Amino acid sequence: PHRAMGGFDGLLASMAQQWRVAVPCAVAVGAGAYLVYSDIAFRIRNKGKKLPPTYWEFGCLPIIGAAIPFIIDPLALARRAEAKCGDCFTLNIFGVRITFLDGPDAQENFCRARDDELSQKEAYQFCIPIFGNGVIYDADLEKRTEQIKLVTASLHTTALGNYVPKMLDELELYFGKLGDSGKLDIYESLSELIILTASNCLMGPEIRNTLHSEVASLYATLDKGLLPISFFAPYLPIPAHIRRDRARESMIKLFRGVIDKRNREGTKEKDVLQVFMDAKYKNGQGLPAEEVTGLMIALLFAGQHTSSVTSSWTGLFILQAKEKAKLMKDLLKEQAEAGPIDIDSIRNKMPLLTACISEALRMYPPLILLMRKVHGDRAFKDITIPEGDTIMLSPSLSGRRPEVWKNPDEFDPYRWLAPREEHRSHSHAWIGFGGGRHRCIGENFAYVQIKAIWSYLLRNFDMEAVGPLPKANYEALVVGPKPPCIIQYKRRRNSTTEC
Numbered sequence: 001p002h003r004a005m006g007g008f009d010g011l012l013a014s015m016a017q018q019w020r021v022a023v024p025c026a027v028a029v030g031a032g033a034y035l036v037y038s039d040i041a042f043r044i045r046n047k048g049k050k051l052p053p054t055y056w057e058f059g060c061l062p063i064i065g066a067a068i069p070f071i072i073d074p075l076a077l078a079r080r081a082e083a084k085c086g087d088c089f090t091l092n093i094f095g096v097r098i099t100f101l102d103g104p105d106a107q108e109n110f111c112r113a114r115d116d117e118l119s120q121k122e123a124y125q126f127c128i129p130i131f132g133n134g135v136i137y138d139a140d141l142e143k144r145t146e147q148i149k150l151v152t153a154s155l156h157t158t159a160l161g162n163y164v165p166k167m168l169d170e171l172e173l174y175f176g177k178l179g180d181s182g183k184l185d186i187y188e189s190l191s192e193l194i195i196l197t198a199s200n201c202l203m204g205p206e207i208r209n210t211l212h213s214e215v216a217s218l219y220a221t222l223d224k225g226l227l228p229i230s231f232f233a234p235y236l237p238i239p240a241h242i243r244r245d246r247a248r249e250s251m252i253k254l255f256r257g258v259i260d261k262r263n264r265e266g267t268k269e270k271d272v273l274q275v276f277m278d279a280k281y282k283n284g285q286g287l288p289a290e291e292v293t294g295l296m297i298a299l300l301f302a303g304q305h306t307s308s309v310t311s312s313w314t315g316l317f318i319l320q321a322k323e324k325a326k327l328m329k330d331l332l333k334e335q336a337e338a339g340p341i342d343i344d345s346i347r348n349k350m351p352l353l354t355a356c357i358s359e360a361l362r363m364y365p366p367l368i369l370l371m372r373k374v375h376g377d378r379a380f381k382d383i384t385i386p387e388g389d390t391i392m393l394s395p396s397l398s399g400r401r402p403e404v405w406k407n408p409d410e411f412d413p414y415r416w417l418a419p420r421e422e423h424r425s426h427s428h429a430w431i432g433f434g435g436g437r438h439r440c441i442g443e444n445f446a447y448v449q450i451k452a453i454w455s456y457l458l459r460n461f462d463m464e465a466v467g468p469l470p471k472a473n474y475e476a477l478v479v480g481p482k483p484p485c486i487i488q489y490k491r492r493r494n495s496t497t498e499c
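UniProt numbering numbers the first residue of the sequence shown as 1 and each following residue consecutively.
Below is the structure:
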């Protein structure tokens with residue numbers, strides 16, 4: 001009996017071993033067969049059409065295609081492909097056709113498209129586990145349009161005027177703790193400052209005063225759940241995705257507590273959270289806590305990373321400028337003439353600082369890829385981009401086009417000012433905040449926030465960069481400077497103007 005039982009156990013172990021080998025093999029064979037079938041069907045469906053050239057290079061493998069070089073450095077891959085194929089080409093990645101477009105003509109084609117021609121929704125499905133069901137990319141077009149209008153209303157000029165004093169309070173609190181001189185990592189500091197500002201302006205006093213550290217921790221977990229693999233498999237049960245999902249549930253619970261407390265006490269605050277709490281859809285229904293939380297997360301994702309990256313690059317470029325003495329003299333003169341830091345001076349009296357921000361965005365945009373799903377064949381020049389392709393446009397590539405920008409690899413904020421105004425040389429020449437129907441709705445908030453920060457710093461500190469300009473960190477989906485980003489500061493005894 002013991003020998004029989006031992007033989008049975010051995011048989012089970014052998015079968016288990018065979019299954020461990022057979023199942024992955026079957027999956028691989030099935031995936032390969034599906035891709036072959038899909039490729040044949042695609043060729044039959046698009047026979048006779050002039051399609052974008054497909055780019056292949058060493059490192060592109062069967063089934064996964066160009067996934068490895070794309071994940072390592074998508075911009076470097078795109079530049080190599082463009083050098084060989086021109087300004088329209090296709091990459092195959094895990095069986096997904098990704099067609100890149102570049103140049104002013106491509107940008108106009110992309111930005112002028114309607115939603116039923118080039119769709120955001122399908123291209124950004126990887127955001128749904130973070131934002132949640134029924135929010136933005138999981139909502140139908142009508143509901144998504146209503147949600148975007150709510151966000152736009154919360155960032156209107158009138159609302160921005162209410163936020164500036166809160167931004168200045170945070171600046172005073174944060175930088176008031178510094179000594180008279182020293183060193184700091186400007187990227188790290190501005191990342192901390194901007195999430196404090198977001199807590200104050202967007203989420204309200206309850207979050208800022210008592211729950212800020214918890215929100216910051218949950219946000220960091222959500223952020224770490226957005227990986228290159230998430231684009232292709234957003235629900236893959238890897239540890240980062242599991243932690244992401246738990247963090248989102250905790251965020252809903254946290255915001256529901258704040259919402260319930262305000263409703264119970266009849267409290268009304270001047271923040272974005274209150275705007276969403278009071279909002280109603282056209283059908284008269286209010287937003288449930290899950291959707292309010294999703295919109296708050298979407299706002300935080302749209303603004304925190306991009307603003308901290310752009311504000312850091314702006315300062316680093318100013319402090320490392322080729323003609324720093326002239327630029328600093330002009331900036332300080334502008335600040336002296338602008339008067340107190342308020343919504344009027346920020347919006348109307350700081351053209352050179354605005355140009356510095358735009359130029360930093362041109363050089364190193366935080367979002368290096370914009371995406372849309374093609375609904376119906378789309379013409380570009382004499383090429384047909386077939387239905388089902390994902391189109392990608394790169395602000396990073398477009399910002400370095402020599403036919404648009406003179407000496408494109410040099411930081412030169414004066415290119416944005418009259419009489420040069422290089423960004424006006426072509427329609428949709430600059431897409432730092434996207435363009436067309438889906439231009440970033442947080443653009444005004446971002447400029448106000450970053451100008452408030454650097455107005456305050458320029459007026460209160462003498463600063464010098466320590467070390468060379470950092471390189472861009474293309475390992476992250478939102479591309480910032482690689483640390484460390486050290487600057488040396490000395491507090492001015494008398495600020496140049498009142499704040």
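In this text, a Cβ means the ideal position worked out from N, Cα and C, and glycines have one as well.
Remember, it's a predicted structure, so these values are computed and weren't measured experimentally.
Where the beta strand (DSSP E) containing residue i begins and where it ends
i	result
Y489	I486 to R491
T384	I383 to I385
I64	Note, I64: premise wrong, no beta strand (DSSP E); not H, not E.
G257	Where G257 is concerned, there is no enclosing beta strand (DSSP E), although the alpha helix (DSSP H) it sits in stretches over P239 to E265.
Check whether residue i and residue j have beta carbons under 8 Å apart
i	j	result
L343	L118	A small correction: the amino acid at residue 343 is Ile; Leu does not occupy that position in the sequence shown. No, the Cβ-Cβ distance between I343 and L118 is not below 8 Å.
A247	W313	no
E206	V258	yes
E57	R80	yes
T310	I346	no
Y456	L254	no
Y137	I128	yes
K471	E410	no
A446	G303	yes
G399	R362	yes
L273	L202	yes
K268	N162	no
R439	G103	no
L141	D115	yes
R244	L222	yes
residue 501	V448	One cannot answer for residue 501 here, as it falls past the ends of the chain, which runs 1 to 499.
Beta-carbon proximity list for residue i, same chain, < 6 Å, skipping 5 on both sides
i	result
L393	L101, F110 and L370
H241	G225
Q320	A465 and L469
I453	S311
G234	Checking the sequence, you will find Pro at residue 234 rather than Gly. If we look at P234 and ignore the five residues flanking it on each side, its Cβ neighbours are F126 and P129.
K490	S181 and D462
R97	T90 and D389
D377	T384, P386 and E387
K143	none
I441	V151 and T152
Own chain residues within Cβ distance below 7 Å of residue i, not counting five before or after
i	result
R493	none
P366	H305, T306, V309, T310, V478, V479 and G480
Heavy atom of the ligand ZN within 7 Å of residue i beta-carbon
i	result
S398	The ligand content of the structure shown is nil, which means the ligand ZN is not present either.
Nonlocal neighbours in the same chain, by C-beta distance under 8 Å from residue i, ignoring five residues either side
i	result
K324	I318
I383	K50, L51, P52 and C88
S425	V404
K349	E334, E337, A338 and G339
I64	I93 and F94
T496	With a pLDDT of 48 at T496, under the threshold of 50, the predicted position of this residue should be treated as unreliable, though the coordinate-derived value follows. Contacts found: L332, Q335, A336, L458 and R459.
Bridge partner(s) assigned by DSSP for residue i
i	result
T390	I98 and K373
V478	L367
T90	T54 and T99
L118	V374
F380	I383
Q472	First, the amino acid is wrong: residue 472 is Ala here, not Gln. According to DSSP, A472 bridges with P481.
K280	G286
Range of the contiguous alpha helix (DSSP H) that encloses residue i
i	result
E214	H212 to K224
G161	T157 to F175
E464	E464 -> not in any alpha helix (DSSP H); beta strand (DSSP E) instead, spanning F461 to A465.
D344	I343 to N348
S181	It is not in any alpha helix (DSSP H) - S181 instead sits in the beta strand (DSSP E) that spans S181 to D185.
S425	Premise fails: S425 is in no alpha helix (DSSP H) and is neither H nor E.
V309	A289 to L319
M203	Unbroken run through M203: none, as it is neither H nor E.
A336	K324 to A338
K84	P74 to C85
F232	P228 to F232
- Message: Quick test of the definition: if touching needs 3 or more C-beta pairs under 8 Å, does the stretch 322 to 336 touch the stretch 177 to 188?
- Response: no
- Item | the stretch 286 to 296 contacting the stretch 129 to 146, beta-carbon criterion three pairs below 8 Å | yes
- Evaluate the contact criterion for the stretch 37 to 52 versus the stretch 65 to 77: three or more CB pairs, one atom per stretch, below 8 Å. no
- Message: With a threshold of 8 Å, are at least 3 pairs of Cβ atoms found where one atom belongs to the stretch 473 to 490 and the other to the stretch 192 to 200?
- Response: no
- Any chance the stretch 372 to 379 sits against the stretch 411 to 429, with 3 or more Cβ pairs inside 8 Å? no
- Count the CB pairs spanning the stretch 278 to 287 and the stretch 458 to 470 that are closer than 8 Å, and state whether there are at least three. no
- Task: Would you check if the stretch 428 to 444 and the stretch 398 to 413 touch, i.e. whether three or more CB-CB distances between them fall below 8 Å?
- Result: yes
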